[in-house]
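Chains as they are written, first to last, in this note's numbering: chain A, 321 to 551; chain B, 12 to 259; chain C, 106 to 429.
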Amino acid sequence: MDWVWTHAGAIWALVLEHIGLCVPPIVLGFVISIPIGWWASRNAAVRSVLLTVGNILYTIPGLALVVLIPVILGVPLLNPVNIVVALTIYALAIMVRSAADAFASVPEGVQQSATAQGFSGAQRFLTVELPLAGPVLLAGIRVVSVSTISLATVGSLVGISSLGDLFTDGFQRNFLLEAVVGFVLVLVLAAVFDVLLSTAGRLLMPWTRGARLSSRAARTVAMPLAPAVRR
Amino acid sequence: MLFLQAIQWILTPANWQTVNFGPGIGGELVAHLWLTFLSTLVAAVIAVPIGLAIGHTGRGRGGAILIGNVVRAFPTLGLLSILLLVLGLGLPPVVLVFVLLGIPPLLAGAYAGVESVDKQAIDGARAVGMSEWQVLTKVEVPLALPLLLGGLRSAVLQIIATVTLVSNYGSDSLGQFIISGAATKDYVQMTAGAILVTVLALLADAVLASAQRITTPRGVLRGAGSRTTARGRRPLTAPSGAPISEGS
Amino acid sequence: MTISRRGALGAATAVLAAAALSLTGCSSSNSLSGSGSSPKDTPAASSSGGSSTSAGGDSIVLGSANFPENEILMYIYGNELAKSGYTVSYKPSIGARAAYIAALKSGEINLVPEYAGSILSYLDKSANAKSGSAVKTALDAALQKESLKASAFSEAADSDSLNVTPAFAKQHSLSSIGDLKNAGSVTVAANPEFASRPDGIPGLKSVYGLSNIQFKAINDSGGNTTLKALLGGQVQVADIYSTTPSILQNKLVTLKDPKNLFASQQVVPVYSASKDSSKLTAALDKVSQALTTQDLLKLNEQVSGSTKTDPQTAAKDWLSSKGL
């Protein structure tokens, strides 16, 4: 275990790099999927097309995506943007579906009564639909966060630093402890992000406190709709 | 452009025999499928009975969700590095990794499937004098089958996409083309590898989706439809927890 | 219920926050005391080596291939450059040659430790120079086309070598590469580019007349995966660099290469022409002159053997042992 303490600085640097790779895709995935998911929730054809595209994107192996993106976008190979773009694509593949489900879960009657009370479209979206869709959106973003943190490690195969470096370097040097430390830290980081997100959810949506997750949200958590969560 | 060249590469018969003096598309495809099949089978043998038990008794659901969430955070690359360091190269450690990945969706499919069964149907079965075992095998399992297969779809898709990584550790799979292609800047080969894995996953999914449709008892459609409309506004005919059941 | 759950959450958050804080605390105290931490390629690493900013602020980014020896060499050259006043940062373990040479050409990195013959045959497939000076001339010409340069070769050398297990060698009475002819169908493991390198599979076929070989691409430059595949019997022959300690540790039999298929690969730093200066080459040459093949073996042993020394620490120790 001495190794961990003598290398705390280097390990911490990798933790920060890992966070740097993961935060943009999680945020972008959330922000972009809200309008798209809302649109998909009102239009069955759009929903069908978007979800099919998302599912196809999701089956592309992560490794292939991180190597193809620099070729397609012309971004330099070692630029972390490559991983960020790949992770954002996966985040969207999960989150658009969650968002579509979230907005679909808002009872139609509630929306009609809001309209009847004279709410404008934007007003209704911000004050009625978004808050009611909140719990399912939260469940979705928690799945995105966990899978993004786990998936970011693939960058180590193409020279982009993350906690995954500890696996690849540990394997290369026959150094089990190093690989195990990397593995545990990925789990810890995923847990920290999950706690932060659920705490944020509680603060933003105080009415859900103590309430059981709706069955739909529960399902999203128990069984992520998009199939593969990492590769 | 790259995409078309990659398709052409796939359609070149010689590449099915051998690529770079190693196994060709045919060989890597067989290795990929074999690994997927073996891992899914072992995962199902472990997860399905446990999932059915959880669904039937209603106990242990929290534990199953927890396991699912923890396993979802497992980085496959890390799991492979650790298990291969401990157990050496070869099929057993590799299969073990994918068994671990396959268990959560199969477990979730099994217990969610049993839980989705109409409580009235179960009460009715008990009322006509069925034993608990009969309730499980004659009522719950047949009615749970669509969701159970949904879990299977999830597991298979996840495994097919992730198996590509084993080629970083010297095992055969379609990922070999991606890794060799990337290492030598042969983007055509690399893209071809990505296309092959994606197509394989979509095909496997289509096969399992039709299995799911065939096994859905006619009565369930009506039951599930009326139940879900009560909650959401979209009647779900296909099993709702299943991946890709909608939109494809 | 609600309260207890919130309480538990709060406690969990507090514990995690404390853990995070203690980790930060450790890291800062650690770097203050300067004990053996090896930040990888963060900007924070750039000042390590105690460079002063007064030296005109020359900055340089060093990269390495994805195997430990190359990473150690990167830190050795990097430390020396830092002492000469460069602001140095690192991009370790980029990948195979195609990947890091691309990064070098695009300017994402400025310098990488190379091996003379390998880089020459990578850049110029038809190159056939064998002697040191001929290789240098040919390499300089090939590098010039890419706006790259090489400093003087070190005497320290590494080369590809084909290895088999003692049992397999005994079973088929193998001592040189040509003997593989009688070993039935054999699979050779090496980096993916070995399939097309002139001194790879094509060379084995044309120079040694081997027609019974299959190829297994393992992208780790003769590292741990390749070794495990050899020991586990997935492959029968493995291309492992001659300075790798695993050859001795596992008593592998290195097949003789009487027809010199594999050139001796002298260590040579390759860098972007835009960074060329007498200050740069002076620092690089100091290291190259001091480095020996034995040193490479020892350094590899320290990093991948039982002590698990960091590449960066091994590099620093080596420099001070040589009085640099």
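Yeah, the Cβ is synthetic: ideal placement off N, Cα and C, and Gly gets one too.
Partners in chain C for residue i, counting only beta-carbon separations shorter than 8 angstroms
i	result
Leu100/B	Thr330, Lys333, Ala334, Gly337 and Gln339
Ser191/B	Pro297, Ala300, Ala322 and Asn324
Trp323/A	Lys413
Tyr198/B	By Cβ distance, chain C contributes nothing, its closest Cβ being about 11 angstroms from Tyr198/B, past 8 angstroms.
C-alpha gap between residue i and residue j, whole angstroms
i	j	result
Ile352/A	Pro344/A	12 angstroms
Ala123/C	Thr87/B	Any reading at Ala123/C must be qualified, since the residue scores a pLDDT of 41, below 50, and its modelled position is unreliable; the value itself is stated next. The alpha-carbon atoms of Ala123/C and Thr87/B are separated by roughly 28 angstroms.
Ala246/C	Gly162/B	60 angstroms
Glu498/A	His338/A	16 angstroms
Ser456/A	Gly73/B	Rather than Ser, the amino acid found at residue 456/A in this sequence is Val. Cα to Cα, Val456/A sits roughly 19 angstroms from Gly73/B.
Thr227/B	Leu154/B	7 angstroms
Pro173/C	Ser211/C	24 angstroms
Gly490/A	Ser92/B	8 angstroms
Asp400/C	Lys275/C	31 angstroms
Phe503/A	Ala420/A	33 angstroms
Thr248/B	Pro157/B	With a pLDDT of 31 at Thr248/B, under the threshold of 50, the modelled position of that residue is not reliable, and no figure is offered here.
Asp163/C	Gly190/C	7 angstroms
Ile345/C	Ser182/B	18 angstroms
Arg202/C	Gly168/C	11 angstroms
Glu477/A	Pro400/A	The residue asked about is misnamed: residue 477/A is Leu in this sequence, not Glu. Near 13 angstroms, if we compare the C-alpha coordinates of Pro400/A and Leu477/A.
Ala205/B	Ala25/B	19 angstroms
Val373/C	Val240/C	11 angstroms
Leu450/A	Phe423/A	8 angstroms
Asp422/C	Ser223/C	28 angstroms
Residue i - partner residues in DSSP beta bridges
i	result
Gln319/C	Thr292/C
Lys196/C	Gly168/C
Asn329/C	Paired residues: none, contrary to the question.
Asp344/C	Leu267/C
Gln370/C	Asp263/C
Ser281/C	Lys361/C
Pro34/B	Thr29/B
Pro218/C	Pro374/C
Lys254/C	Tyr376/C
Contacts of residue i in chain A (Cβ-Cβ under 7 angstroms)
i	result
Ile199/C	Leu398 and Gly479
Gly204/B	Ala384
Residues of its chain near residue i, where Cβ-Cβ distance is below 8 angstroms and the 5 sequence neighbours each way are ignored
i	result
Leu13/B	Tyr198, Val199 and Thr202
Gln28/B	Gly35 and Gly37
Val150/B	Val128, Ala132, Ile133, Ala136 and Met141
Ala125/C	Interpretation of Ala125/C is limited by its pLDDT of 39, a score under 50 that renders its predicted location unreliable; the figure taken from the coordinates is listed afterwards. Here the set comprises nothing.
Phe85/B	Leu111 and Leu112
Chain C contact residues for residue i, given Cβ-Cβ distances below 9 angstroms
i	result
Ala194/B	Gly200, Ala201, Arg202, Ala203, Ala204, Asn296, Pro297, Glu298, Ala322 and Asn324
Asp514/A	Those do not exist, as Asp514/A stays about 10 angstroms from chain C at its closest Cβ, beyond 9 angstroms.
Chain A contact residues for residue i, given Cβ-Cβ distances below 9 angstroms
i	result
Glu213/C	Pro396, Leu397, Leu398 and Asn399
Lys196/C	Leu398, Gly479 and Ser481
Supposed contact pair residue j and residue i - C-beta distance, whole angstroms, cut 8 angstroms
i	j	result
Asp362/C	Ile306/C	Not a contact, Cβ separation roughly 15 angstroms.
Leu228/C	Leu248/C	7 angstroms
Gly101/B	Ser165/B	The pair is not a contact, with the Cβ atoms about 27 angstroms apart (cut-off 8 angstroms).
Leu404/C	Ala419/C	5 angstroms
Leu213/B	Thr379/A	6 angstroms
Ile114/B	Val82/B	7 angstroms
Leu207/B	Leu185/B	5 angstroms
Close Cβ partners of residue i (< 7 angstroms) along its chain, the five nearest in sequence each way excluded
i	result
Phe350/A	Met415 and Ile461
Lys230/C	Pro303
Ala378/C	Ser252, Leu253 and Lys254
Own chain residues within Cβ distance below 6 angstroms of residue i, not counting five before or after
i	result
Leu398/A	Gly479
Pro297/C	Ala322 and Asn324
Tyr180/C	Pro416, Gln417 and Ala420
Residue i beta carbon near the ligand HEM (any heavy atom closer than 8 angstroms)
i	result
Ala217/B	As for the ligand HEM, it is missing from this structure, which has no ligand bound.
Neighbour list for residue i in chain B, Cβ cutoff strictly below 8 angstroms
i	result
Val466/A	Asn80, Arg83 and Ala84
Proximal chain C residues relative to residue i, where beta-carbon distance stays under 7 angstroms
i	result
Arg493/A	Pro173, Val408, Ser409 and Lys413
Tyr180/B	Thr330
Gln187/B	Ala322
Chain B contact residues for residue i, given Cβ-Cβ distances below 9 angstroms
i	result
Gln249/C	In chain order: nothing, as chain B lies at least about 21 angstroms away.
Ile306/C	Asn31 and Phe32
Gln354/C	Residues of chain B passing the Cβ test: none, with the nearest at roughly 15 angstroms.
Ile318/C	Phe32
Contact set between residue i and chain A, taken where Cβ atoms lie within less than 8 angstroms
i	result
Ala378/C	Under the 8 angstroms cutoff, chain A gives no residues; its nearest Cβ is about 19 angstroms from Ala378/C.
Ala208/C	Pro396, Leu397, Leu398 and Gly479
Listed from N- to C-terminal order along the chain, which residues in the stretch 64 to 89 of chain B have their beta-carbon within a distance smaller than 9 angstroms of any beta-carbon of chain D?
-> The structure shown has no chain D; the protein chains it does contain are A, B and C.
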